[in-house]
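Following: one structure in structure tokens, then a few remarks.
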Amino acid sequence: MTPPLILENLTKYYGSVRGVEDLNLEVRQGEIFGFLGPNGAGKSTTISTVLDFIRPTRGSATILGMDSRNKSVEIHRLVGYLPGELAMNDRMTGGELLGYLAALRGIDASKEIASLASRFDLDLSRRIRAYSSGNRQKVGLVQAFMHRPQLLILDEPTNGLDPIVQQEFYALLHEVSAEGRTVFLSSHVLPEVERITDRAAIIRQGRLMVVADIEQLKKTTQRRLEITFADPIDVSAFESLDTAQTVQISDDGYTLTVTVTGAVDPVIKIAARYDVESIVSHEGDLEEAFLAFYSGDTDAA
7 MTPPLILENL
17 TKYYGSVRGV
27 EDLNLEVRQG
37 EIFGFLGPNG
47 AGKSTTISTV
57 LDFIRPTRGS
67 ATILGMDSRN
77 KSVEIHRLVG
87 YLPGELAMND
97 RMTGGELLGY
107 LAALRGIDAS
117 KEIASLASRF
127 DLDLSRRIRA
137 YSSGNRQKVG
147 LVQAFMHRPQ
157 LLILDEPTNG
167 LDPIVQQEFY
177 ALLHEVSAEG
187 RTVFLSSHVL
197 PEVERITDRA
207 AIIRQGRLMV
217 VADIEQLKKT
227 TQRRLEITFA
237 DPIDVSAFES
247 LDTAQTVQIS
257 DDGYTLTVTV
267 TGAVDPVIKI
277 AARYDVESIV
287 SHEGDLEEAF
297 LAFYSGDTDA
307 A
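Numbering-wise, the numbering used here puts 103 at position 97 of the sequence shown, and it's gapless, one number per residue.
This is how it looks when you write it as structure tokens:
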């Protein structure tokens, strides 16, 4: 089965300035895929190029088995898309706007619109101009989901949403995934991506740094072990380990704190030479993995 989203050497330059370069990626059917990077990393440029809003310098994107340039009109009909900033007619009510957008698609989505509005606690009778930023975001989410697309491309989808609505949104994503539909979610909110996605890509200065399962990404992070011994120990064996980034011993010599990248087994084997009273492990998270790829950057804000 053809993956719903394929990028092959996708590149976009703005004159001599790199937007994104040589992106190669396949998003699997039914997964929730996270696209991670700070502002300016190339996330929105990637999405705009994929959806043919801007043309690539070279490379290609295939969406639902179709070339993104040759079949862009049909793709726009089939994909659910939430831009980072959604333009709206302030004079219309939320219901009027969504009805108008459904009519443009040639569908009757009234039942789905009502259901989604209820889930997101969105009053469709109010005019857009009276909406808060959070309610505007809800309108954007409803229009992205209302035609039950096979692929959803969502750019920073939880901007402005309160925590309760965020939880409902996460539940909806898992329902979509369970139905075999696919979500490509661009975000800089790391706990969100760690919680809801299956896999993620990290983009840095327009280039993909890594594509991996969330758990694999977390395994690349550093873990901190705090080991308390029954007697004072010699730390030289721990300091000689290639995987040990930092080694500290308490003033009394009983408690060792070691920061490890990769396998912790060598640390445990050395500790087993002594009488161990306790071991506390502080697991790495996705934020640490993300920051590791951006360490040293001065312009990744």
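Backbone N, C-alpha and C fix where the C-beta goes; we use that ideal spot for every residue, glycine too.
Whose C-beta lies closer than 6 Å to the C-beta of residue i among residues of the same chain, with five residues either side of it excluded?
i, result
"proline 163", "Leu88"
"glutamate 245", "Val253"
"leucine 92", "Gly146"
"threonine 66", "Reading the sequence as shown, one finds serine at residue 66 and not threonine. Closer than 6 Å at Cβ, skipping near neighbours: Glu14."
Using three-state DSSP, classify residue i as helix, strand or coil.
i, result
"asparagine 141", "helix"
"arginine 210", "strand"
"aspartate 271", "helix"
"isoleucine 239", "coil"
"arginine 230", "strand"
"alanine 278", "coil"
"leucine 130", "coil"
"glutamate 162", "coil"
"leucine 262", "strand"
"leucine 147", "helix"
"leucine 247", "coil"
"arginine 205", "strand"
"alanine 218", "strand"
"alanine 307", "Its pLDDT being 30, under 50, alanine 307 is placed unreliably by the model, and the measurement read from it follows with that caveat. Here alanine 307 sits in coil by DSSP."
If you measure from the CB of residue i, is any heavy atom of the ligand ATP nearer than 7 Å?
i, result
"glycine 146", "Absence of the ligand ATP is noted for the structure shown, with no ligands found whatsoever."
For the alpha helix (DSSP H) containing residue i, name the first residue and the last one.
i, result
"valine 182", "169-184"
"arginine 201", "196-202"
Is it right to say residue i is buried, meaning 16 or more other beta carbons lie within 10 angstroms of its own, or is it exposed?
i, result
"tyrosine 20", "exposed"
"serine 74", "buried"
"glutamate 181", "exposed"
"valine 26", "buried"
"arginine 34", "exposed"
"threonine 68", "buried"
"lysine 49", "buried"
"alanine 236", "exposed"
"proline 169", "exposed"
"aspartate 58", "buried"
"valine 264", "buried"
"arginine 187", "buried"
"proline 238", "exposed"
"aspartate 114", "exposed"
"threonine 234", "exposed"
"proline 197", "exposed"
"glycine 46", "exposed"
"glycine 212", "buried"
"alanine 250", "buried"
Excluding five sequence neighbours on each side, which residues of the same chain lie with their C-beta closer than 8 Å to the C-beta of residue i?
i, result
"methionine 94", "Leu103, Ile134, Arg142, Val145"
"isoleucine 60", "Lys18, Thr51, Ser54"
"glycine 140", "Gly166, Leu167, Asp168, Val171"
"valine 199", "Gly40, Leu42, Leu191, Ser193, Ala206, Ile220, Leu292"
"serine 138", "Gly166"
"methionine 7", "Gln35"
State the start and end residues of the unbroken beta strand (DSSP E) segment that holds residue i.
i, result
"histidine 288", "282-288"
"alanine 250", "250-255"
"threonine 17", "11-20"
"leucine 191", "188-193"
"glycine 40", "38-42"
"glycine 25", "23-33"
In chain order, what residues of the same chain have a beta carbon less than 7 Å from the beta carbon of residue i, not counting five sequence neighbours either side?
i, result
"glutamate 80", "Met72"
"leucine 122", "Val148, Phe151, Met152"
"asparagine 287", "The identity of residue 287 in the sequence shown is serine, whereas the question assumes asparagine. Here the set comprises Arg229, Leu231."
"asparagine 165", "Gln143"
"proline 9", "Glu32, Val33, Arg34, Gln35"
"valine 23", "none"
Check whether chain B comes within 8 Å of residue i, counting only Cβ atoms and requiring the distance to be less than that.
i, result
"leucine 160", "Of the protein chains in the structure, only one exists, and it is not chain B."
Next item on the list: Let me know the beta strand (DSSP E) ranges lying completely inside the segment 50-128, each 3 residues or longer, listed in chain order.
Entry: Listed in chain order, the complete beta strand (DSSP E) runs (minimum 3 residues) inside the segment 50-128 are 64-69, 85-88.
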